[in-house]
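Engineer: Handing you a structure now.
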Amino acid sequence: MSATANPIPRRVRFGLIFGAIGVTALLAAELPSLGASGVVADAAARAATIKIDNFAFAPADVTITAGTTVIWKNEDGEVHRVQEDHNGFSSAALDTDDSFSRTFATPGVYHYFCSIHPYMVGKIVVNPAAKSN
Ligand SMILES: [Cu+2]
């Protein structure tokens, strides 16, 4: 005498459950990107300006928090061009009164120079965005 096992296949039911989880995960994955764009919009309010004049960046050293937009404005009578040391970013040739801006989302130290006058150098220190309290 032996007990007769009667396994009922439930794969169809499990398939439906995991299918629903998959859809939920996809929907949830969309949420961080929406939140991130909101953060960017909020950070856009912060800006720092670097003046280019007399063959120098002023101030040459700038410390900002992540999300800050840096604006270089050429007030010199010469054409200058902002170039990050490792080609992370670069401006077009900036004529008098032209400006270039870049938003720094990632903390770190960014060294840059003028690719037309390489002795013109500057540094941007980007600190992590401060958490309130
Ligand atoms: Cu220059």
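The opening position of the sequence shown corresponds to residue 1380 in the numbering used here, with each subsequent residue numbered one higher.
Note that beta-carbon positions come from the ideal geometry of N, C-alpha and C, so glycine has one too.
What you are looking at is a predicted structure, and each value in this text was computed from that prediction instead of being measured.
1) Following a CB-centred definition, is E1457 positioned closer than 7 Å to any heavy atom of ligand 1?
2) I need the DSSP call for D1440, collapsed to helix, strand or coil.
3) With DSSP as the reference, label V1505 as helix, strand or coil.
4) Does ligand 1 have a heavy atom nearer than 7 Å to the CB of I1495?
5) Can F1434 be considered in contact with ligand 1, in the sense that its beta carbon sits closer than 7 Å to one or more heavy atoms?
6) Could you tell me whether the Cβ atoms of G1483 and W1451 are closer together than 8 Å?
7) For the stretch 1471–1497, which segments carrying the alpha helix (DSSP H) assignment without a break, of at least 4 residues, lie completely within its bounds, in sequence order?
8) Using alpha carbons as the reference points, say which of A1509, T1428, D1432, A1426 lies closest to P1475.
9) Take D1477 as the anchor and find which of Y1489, N1466, V1461, T1485 has the nearest alpha-carbon.
10) How many angstroms separate the CA atom of D1421 from the CA atom of E1454?
11) Would A1508 pass as a contact of T1428 if the rule is Cβ separation under 8 Å?
Structural biologist: Let me spell this out:
1) yes
2) strand
3) strand
4) Correct: I1495 has its Cβ closer than 7 Å to ligand 1.
5) yes
6) Reading off the sequence, residue 1483 comes out as Phe, not Gly. No, they are not a contact pair.
7) none
8) Looking at the sequence provided, one finds Thr at residue 1475 rather than Pro. Ranking the options by Cα distance to T1475, first place goes to D1432.
9) V1461
10) Low confidence applies here, because D1421 scores a pLDDT of 47, under 50, leaving its location unreliable and the question unanswered by this model.
11) No. Outside cutoff.
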